[in-house]
Amino acid sequence: MNLGNRCFKVLCLVLAALMILALAGCGAQKPAEPGTDVELASDASPAESQTEPQPVSQTESQPVSQTENGTEPQTETGGVIVVYFSRTGHTKPLAEYIKEELNADIYEIEAKVPYTDDDIKYYTDCRADREQADPSARPEIAGELPDLSNYDTVFLGYPIWHGQAPKIIYTFLESVDVSGKTVIPFCSSASSPVGSSAENLHSLAPNAAWRDGTRFAIGTTRDEIADWLSSLGLPEITQKEASALKLTVDGTELNVLWEDNESVAALKELTADGPLIIQMSPYGGFEQVGPIGQSLPRDDTQITTEAGDIMLYSGDQIVLFHGSNRWAYTRLGKILDLDQAALTALLGNGAVTIMISLT
Ligand SMILES: Cc1cc2nc3c(=O)[nH]c(=O)nc-3n(C[C@H](O)[C@H](O)[C@H](O)COP(=O)(O)O)c2cc1C
């Protein structure tokens, strides 16, 4: 090999090395990959480069790592979870309204040995009476407990049983770690106030930041819950990131509990630029169906629908039920507060127009 050739080869090697270094430098700047949220990637940089640990909330930091590994954030809230126990179903809608208003996660405490109707016939020395009178009673919880590590705020809902929280709430608080978290108790009752029921929970989790407990009457509406939530002055992120969907049928706004799934997330994206208006058609005497205009992610399973169900059919059509049908659907949500007669009056009389928009 002559000197000229050797020089040329060395020059090529140096150039190649320089190109590799340049490419490596670009990689460190996280180029936007298909499907990557560029804003989140750039948001990540300052937090990552901080040397001192910053009081960044868990939720703020979540999307950073989760965007990097390509998975959805576990929660879009300010790390809020609603935990509740509801034996006869009055506390449950309150919990669901909070979940929906704040786009929070939700966990229902269920008893390992379920409470039968006889167990809750109070003032008959029933199981609930005896447990409430027994300071050491700690009824077991069914299934797995929630992992609370991603939450800053825990709403804790229960019915008033003899002026207090049911003992299964005590079991819960002794089984999880809510240290440093804001815990906001709420309850439903026939007539009793929250009384000492919330304060008596403090000693079970002394390191939590307890807020005052609030009692709601049976049948409290979603609007009343929304007003209460606004009055709590929760961190802005909690309220700001709540992006629930609004559904109107012929101009009437309905109270909907939306599913927390990919289909509803896609529906939210679809409505981000403006409301989605769909001309529906009655079908089969049990539903209204209409085209979304594009396909959404679907996870169809055979479902026997009930009045009030909102389903995705064939990936690109939305169905509102006022009766029942069995078919493969992906659940999108459920219309609350209207019984079958009211739903049939709304959906069973010819074509309707629906509008879906972000709240
Ligand atoms: C064992 C037991 C004790 C109760 N004690 C009271 C009480 O002291 N004061 C009251 O107003 N309601 C009392 N109630 C009624 C419940 O608080 C009320 O029905 C509540 O909304 C039930 O909530 P849930 O449907 O979510 O279980 C009691 C109910 C049971 C089963």
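Residue numbering for the sequence shown follows our numbering, beginning at 1089 and increasing consecutively.
All C-beta atoms in this analysis are idealised placements derived from N, C-alpha and C, irrespective of residue type, glycine included.
If you draw a straight line from the Cα of Gly1177 to the Cα of Ile1366, it comes to about 33 Å. Comparing alpha-carbon positions, the option among Pro1247, Ser1369, Ile1423 lying closest to Glu1341 turns out to be Ile1423. Going by DSSP, Ser1277 is part of the beta strand (DSSP E) stretching over 1270-1277. Distances between the C-beta of Tyr1210 and the heavy atoms of ligand 1 include at least one below 7 Å.
In the DSSP assignment, Ala1293 falls outside any beta strand (DSSP E) and carries neither an H nor an E.
Taking C-beta atoms as the reference points, Trp1316 and Ala1332 fail to come closer than 8 Å. Ile1306 sits in coil when the DSSP states are folded into three classes, being neither helix nor strand. In the pairwise beta carbon analysis, the segment 1288-1308 is classified as touching the segment 1256-1266: at least three pairs are separated by under 8 Å. Using a Cβ distance threshold of 8 Å, Asp1404 and Pro1379 count as a contacting pair.
In the displayed model, Ala1430 falls within a helix according to three-state DSSP. For the pair Val1352 and Leu1420, the Cα-to-Cα distance works out to about 6 Å. Remark: C-beta atoms of Thr1204 and Thr1241 do not approach each other more closely than 8 Å. In this structure, ligand 1 has a non-hydrogen atom nearer than 7 Å to the beta-carbon of Arg1175.
DSSP links Phe1409 through a beta bridge to Glu1375. At the C-beta level, Ile1256 and Phe1374 stay beyond 8 Å of one another. DSSP, reduced to helix, strand and coil, places Ser1284 outside both helices and strands of the structure shown, so it counts as coil.
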